[in-house]
Amino acid sequence: MGAVEKKRSTLAATGAWEYAPAPESRDIVSFEERYGLFIGGEEVSPRSRTWFPTISPATEEPLAEVAQAGPKDVALAVDAAREGFEAWSAWKPSERAKVLFRIARILQERARELAVAESLDGGKPIKESRDVDLPLAAAHFFYYAGWADKLEYAFPGRRPRPLGVAAQIVPWNFPLLMLAWKIAPALACGNTVVLKPAETTPLTALLFADVCRQAQVPPGVVNIVTGDGSTGAHLVRAEGIDKVAFTGSTEVGKAIQRELAGRDIALTLELGGKAANIVFDDCALDQAVEGIVNGIYFNQGHVCCAGSRLLVQESIHDQLVRKLKRRMATLRVGDPLDKNTDIGAINSKAQLDRITELVEAGTEEGAEIYQPPCRLPEKGWWFAPTVFTGVAQSHRIAREEIFGPVLSVLTFRTPDEAVEKANNTMYGLSAGVWTEKGSRILWMADRLRAGVVWGNTFNRFDPASPFGGYKESGFGREGGRHGLEAYLRFA
Ligand code: NAD
35 MGAVEKKRST LAATGAWEYA PAPESRDIVS FEERYGLFIG GEEVSPRSRT
85 WFPTISPATE EPLAEVAQAG PKDVALAVDA AREGFEAWSA WKPSERAKVL
135 FRIARILQER ARELAVAESL DGGKPIKESR DVDLPLAAAH FFYYAGWADK
185 LEYAFPGRRP RPLGVAAQIV PWNFPLLMLA WKIAPALACG NTVVLKPAET
235 TPLTALLFAD VCRQAQVPPG VVNIVTGDGS TGAHLVRAEG IDKVAFTGST
285 EVGKAIQREL AGRDIALTLE LGGKAANIVF DDCALDQAVE GIVNGIYFNQ
335 GHVCCAGSRL LVQESIHDQL VRKLKRRMAT LRVGDPLDKN TDIGAINSKA
385 QLDRITELVE AGTEEGAEIY QPPCRLPEKG WWFAPTVFTG VAQSHRIARE
435 EIFGPVLSVL TFRTPDEAVE KANNTMYGLS AGVWTEKGSR ILWMADRLRA
485 GVVWGNTFNR FDPASPFGGY KESGFGREGG RHGLEAYLRF A
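One gets our numbering by counting positions in the sequence shown from 1 and adding 34 to each.
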């Protein structure tokens, strides 16, 4: 170790990296004190007469009050969407495309405001909401705007028709991006939507309502109902919907599937994951370390496709773990609005409790825990980046989705064993393979039961690329031409 590197690692080990604060200004966004629901192109007061606060997970300060939509509110929203559908589905597809292009451009214009709102309400680092969530959300609308008048070419000879009213329910980890994944293809295909954001992160969806007004989206085409799981359940049960698109936990996904059994309603489910990030001994090790860090610590590990199980070839295990720990010590945990922050706040107290419980189980079951020294803020909900070594397949931390910044390291000797271990999970959303041999990446990709397999990279997204799961990670694809199919019927 050279003198400079030694000094750096000592600094890192004591948590004494000093950066000048670089906070993004929050003045760019202003929230209303209280929000209603967005129904039929207007903000309406909830019939339920109930509101609840949405709070910043980094400071626990209330940001605004949002409506808790009840069954009557949901029914109104579905009626508005049905009415909107009559007109919207008859629009010339090229005119629908213009609306989507307008939304995309407005998202770009208001990107800074929306990124700050996302980081305030959800706790994710501003550099991620600014550089990932917002650009990808806009890209999704651009991409599907392009398809709106080309559906006949996407599915030649199959006469694609919209389904009708889509009920869409999204989680809190990528609030605006998941909204874009849902709304853009639905609208491009001529459907109308009722979208329910997660209860801990409703604000960017409510700001999106304003984007819709600005983009002159016709009334009833996009409706937004806020509320908790009970609002989601009312939406799934509502009369007059033709499709349910759900992203969230496997448990709720299964409940929705049971609820819809016997009804003529199309369904797509994007559920949980427990991805294997597989590192072979011939890989570029430093590059792999970056990929591992990005795979599990991006967005505090609140990522369905996070590389939460690291499978390392036994011969490089010690060297890799040493490098990984050194890199972890440089991660900065803290204020989501600071541009230097790598790991922001945990989204909610409930999620922090779940992470803590599983980490305790990991220690009790005999795995070895490492957390770099780092100072966590006193207010808010935080969890230090964590790695477990000596993990066995049977441990809960190797089987259950933690949805936090916690990595479990397992080893393998041969490619066959890597495949066997990677597939030994109830999930099948994503995987990563690190090796210098392209042929080995292809060999592995053929055998891995995962919807996405990344080669020498991780957590890369593109609107043109389909995303979705096998097994208990759900079914149906979002993104790409495949993503259109989920919102069409074929005459
Ligand atoms: P969750 O299932 O608790 O909630 C997701 C959404 O469903 C929220 O809007 C919630 O209010 C609503 N909901 C809750 N109960 C409901 C019910 N009975 N009926 C209808 N709606 C209901 O999940 P979460 O904790 O918010 O999100 C984390 C989960 O989402 C993780 O398991 C993660 O893997 C998964 N996820 C998957 C993808 C993917 O693309 N596969 C993407 C992001 C997140």
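Every residue gets a Cβ at the ideal spot worked out from N, C-alpha and C, and that includes glycine.
The residues 340, 341, 342, 439 and 441, in chain order, have a CB closer than 7 angstroms to that of residue 330 in the same chain once the five nearest residues on each side in sequence are set aside. In the three-state DSSP reduction, residue 311 falls in the strand class (E or B). Excluding sequence positions up to five before and after residue 87, its CB lies within less than 6 angstroms of the CB of 96 and 99, all in the same chain and listed in chain order. Of the residues 55, 502 and 198, the one whose Cα lies closest to the Cα of residue 298 is 198.
In this structure, the straight-line span from the alpha carbon of residue 279 to that of residue 272 is close to 14 angstroms. Assignment of beta-bridge partners to residue 508 by DSSP yields 304.
A distance criterion of 7 angstroms places the beta-carbon of residue 488 beyond contact range of the ligand NAD, judged by its closest non-hydrogen atom. Burial state of residue 144 is buried, judged by a 10 Å Cβ sphere holding 16 or more other Cβ atoms. Using a Cβ distance threshold of 8 angstroms, residue 465 and residue 267 do not count as a contacting pair. Taking residue 355 as reference, the option from 327, 476 and 391 with the minimal CA-CA separation is 327. For residue 227, the shortest separation between its Cβ and any heavy atom of the ligand NAD does not lie below 7 angstroms.
Assignment of residue 399 by DSSP, reduced to helix, strand and coil, places it in the coil class. Secondary structure in the segment 349-437: the alpha helix (DSSP H) runs of 4 residues or longer, each lying completely within the stretch, are 351-362, 383-398 and 430-433 in chain order. At least one heavy atom of the ligand NAD falls within 7 angstroms of the beta-carbon of residue 203.
Relative to the ligand NAD, the nearest heavy atom lies less than 7 angstroms away from the CB of residue 262. Counted as a single uninterrupted DSSP element, the stretch harbouring residue 333 is not any alpha helix (DSSP H), since DSSP gives it neither H nor E. In this structure the segment 447-454 lies against the segment 474-493, because at least three pairs of beta carbons, one per stretch, are closer than 8 angstroms. Nearest to residue 375 by alpha-carbon distance, out of 253, 159 and 53, is 159. Annotation: residue 427 to residue 377 spans about 27 angstroms, alpha carbon to alpha carbon. In its chain, beyond the 5 residues on either side, 178, 517, 518 and 521 have a beta carbon closer than 6 angstroms to the beta carbon of residue 219.
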